[in-house]
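Residue numbers (our numbering), protein chains in the order written: chain A, 129 to 240; chain B, 73 to 186.
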């Protein structure tokens, strides 16, 4: 299979706290995992990615973790701000093709 | 560098009408994707190309949908005889072939079928 499951679908957090989004994938040939942020009326924008030879990557308040054995990867947003409120999508790409499959998305609400 | 360019930005049709969407990928990007994104859902892959070749079109909803990329650059996605269920945003994305190349999206075409 090639499905990417993403949870939760809705996430509400207080400003300044952390937010975590989890994804699982089925295709063991998946080797690259980008994350996108989409604001209302706009296109999805790449915010961070991780390759299968890494377990952790961090940039500007974003942390991505990858557990290949469990076929699970996650996005952690530290010190959330109102501007972080948006839809977030995980995706997975396989080695045997360049197909990129997306999760269904998480609607993050950062509450003041 | 210029981003992915799509046109039109919006389209409103009656059921049964045809529509075409056009995409100009980022220069040098050999892989081009078309996604359908219904409201409040994730992008769903319809078809993708490497250069002019269709790699996978198995997710095109039916023979009402077709996509071409004749010279390996611009691409056109066409819907014949649109249905209300086709209402969605159609996103084009492109990337270079490579291990860690994420698709980068255009602004999309927002389609409403009445």
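From the three backbone atoms N, C-alpha and C, an ideal C-beta is built for every residue, glycine too. Just so we're clear, the structure is a prediction, and the values are computed from it rather than from any experiment.
Can you grab the Cα-Cα spacing for the pair residue i / residue j, in whole Å?
| i | j | result |
| --- | --- | --- |
| residue 131 of chain A | residue 186 of chain B | 31 Å |
| residue 26 of chain B | residue 116 of chain B | Outside the displayed span of chain B (73 to 186) sits residue 26 of chain B, for which this structure offers no information. |
| residue 150 of chain B | residue 136 of chain B | 8 Å |
| residue 136 of chain A | residue 234 of chain A | 6 Å |
| residue 219 of chain A | residue 200 of chain A | 11 Å |
| residue 139 of chain A | residue 203 of chain A | 13 Å |
| residue 157 of chain A | residue 86 of chain B | 42 Å |
| residue 93 of chain B | residue 77 of chain B | 11 Å |
| residue 122 of chain B | residue 160 of chain B | 25 Å |
| residue 210 of chain A | residue 150 of chain A | 21 Å |
| residue 162 of chain A | residue 163 of chain B | 17 Å |
| residue 133 of chain B | residue 89 of chain B | 16 Å |
| residue 153 of chain A | residue 128 of chain B | 19 Å |
| residue 143 of chain A | residue 206 of chain A | 10 Å |
| residue 125 of chain B | residue 166 of chain B | 14 Å |
| residue 140 of chain B | residue 168 of chain B | 18 Å |
| residue 194 of chain A | residue 184 of chain A | 6 Å |
| residue 179 of chain B | residue 113 of chain B | 16 Å |
| residue 215 of chain A | residue 104 of chain B | 23 Å |
Mind pulling the chain A residues with CB within less than 8 Å of residue i?
| i | result |
| --- | --- |
| residue 114 of chain B | 134, 217, 230, 231, 232 and 233 |
| residue 180 of chain B | 171 |
| residue 148 of chain B | Under the 8 Å cutoff, chain A gives no residues; its nearest Cβ is about 19 Å from residue 148 of chain B. |
| residue 103 of chain B | 226 |
Can you pull the DSSP bridge partners for residue i?
| i | result |
| --- | --- |
| residue 133 of chain A | A:152 |
| residue 215 of chain A | A:166 and A:235 |
| residue 82 of chain B | B:182 |
| residue 167 of chain B | B:103 |
| residue 160 of chain A | A:179 and A:221 |
| residue 122 of chain B | B:103 and B:125 |
| residue 132 of chain B | DSSP, once it has assigned bridges, lists no residue as partnering residue 132 of chain B. |
| residue 161 of chain B | B:109 and B:182 |
| residue 138 of chain A | A:235 |
Give the residues of chain A in contact with residue i, contact being defined as C-beta atoms less than 7 Å apart.
| i | result |
| --- | --- |
| residue 175 of chain B | 228 |
In chain B, which residues lie with their C-beta within 7 Å of the C-beta of residue i?
| i | result |
| --- | --- |
| residue 162 of chain A | 174 |
| residue 174 of chain A | 174 and 176 |
So is residue i in contact with chain B if we call contact Cβ pairs under 8 Å?
| i | result |
| --- | --- |
| residue 177 of chain A | yes |
| residue 171 of chain A | yes |
Could you work out which residues of chain B lie near residue i, taking near to mean beta carbons separated by less than 8 Å?
| i | result |
| --- | --- |
| residue 225 of chain A | 127 and 128 |
Please list, in chain order, the chain A residues whose beta carbon lies closer than 9 Å to that of residue i.
| i | result |
| --- | --- |
| residue 72 of chain B | Only positions 73 to 186 of chain B appear in the structure, and residue 72 of chain B is not among them; the question remains open. |
Establish whether the CB of residue i and some CB of chain A are separated by less than 8 Å.
| i | result |
| --- | --- |
| residue 162 of chain B | no |
| residue 77 of chain B | no |
| residue 183 of chain B | no |
| residue 85 of chain B | no |
| residue 186 of chain B | no |
Problem set entry | Under 9 Å (Cβ pairs) to chain E, residues found in the segment 119-131 of chain B | No chain E appears in this structure, whose protein chains are A and B.
Exercise. Per the contact definition of three or more C-beta pairs closer than 8 Å, is the segment 96-105 of chain B in contact with the segment 141-160 of chain B?
Worked result: Yes, the segment 141-160 of chain B is in contact with the segment 96-105 of chain B.
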